[in-house]
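**Student:**
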Amino acid sequence: QTFDVPLANGYRAALSGWTHTRQIARGFLKSGAGTATAVVKGLTPAAKYIYQVYMVHEVSNWEGEAKISVNHGHNAHVDQSDLNWAVLEGVAEATPRGEINFEFERVTAGHIDLSSIAIAKVGLAF
Numbered sequence: 003q004t005f006d007v008p009l010a011n012g013y014r015a016a017l018s019g020w021t022h023t024r025q026i027a028r029g030f031l032k033s034g035a036g037t038a039t040a041v042v043k044g045l046t047p048a049a050k051y052i053y054q055v056y057m058v059h060e061v062s063n064w065e066g067e068a069k070i071s072v073n074h075g076h077n078a079h080v081d082q083s084d085l086n087w088a089v090l091e092g093v094a095e096a097t098p099r100g101e102i103n104f105e106f107e108r109v110t111a112g113h114i115d116l117s118s119i120a121i122a123k124v125g126l127a128f
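Residue numbers (my numbering): 3 to 128.
#1: Opposite Ala48 in the DSSP bridges: which residues?
#2: Starting from Leu90, follow the beta strand (DSSP E) in both directions and report where the run begins and ends.
#3: Any idea what DSSP makes of Gly112, helix, strand or coil?
#4: According to DSSP, what are the bridge partners of Asn103?
#5: On the premise that Tyr53 lies in contact with Ala16, defined as a C-beta separation below 8 Å, what is that separation, rounded to the nearest angstrom?
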């Protein structure tokens, strides 16, 4: 099942591989092995975008480590916790189809969460 989720700044993401939603995750969860994805769509091809990924879990004994890759690149190891801060941030270039692909995989026991993705086009300074 794929979920079409609105993001800030008018962008949308297609989420696949997520098993359910829960308030304690402030969004989507994935149970079990395998990869879940979030594909941000409708971007300008080859443009650069700044992003922040939030993985908040309000139950401390379910916190754990996850791997995230952006546009099929290097896997970043992140720790999800009950703190509302970005676990991963950076700049990525949109694909020729105008997308940025995020892949999530659980490393430790428990769930992986996706609470939010913040994204904005990198532009000229004012």
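Note that the Cβ used here is the ideal one computed from N, Cα and C, for glycine as well. Note that the coordinates shown come from a computational prediction; the quantities given were computed from them, not determined experimentally.
**Tutor:** The short version:
#1: Within the sequence shown, numbered from 1, the residue matching residue 48 stands at position 46. Partner(s): none; Ala48 has no beta bridge.
#2: Taking the first residue of the sequence shown as position 1, residue 90 is located at position 88. Element bounds for Leu90: Ala88 to Glu95.
#3: Counting from 1 along the sequence shown, the entry for residue 112 is found at position 110. In the structure shown, the three-state DSSP call for Gly112 is coil.
#4: By 1-based counting over the sequence shown, the position of residue 103 is 101. Asn103 pairs with Val41.
#5: Taking the first residue of the sequence shown as position 1, residue 16 is located at position 14. Taking the first residue of the sequence shown as position 1, residue 53 is located at position 51. About 15 Å separates the two Cβ atoms, so there is no contact after all.
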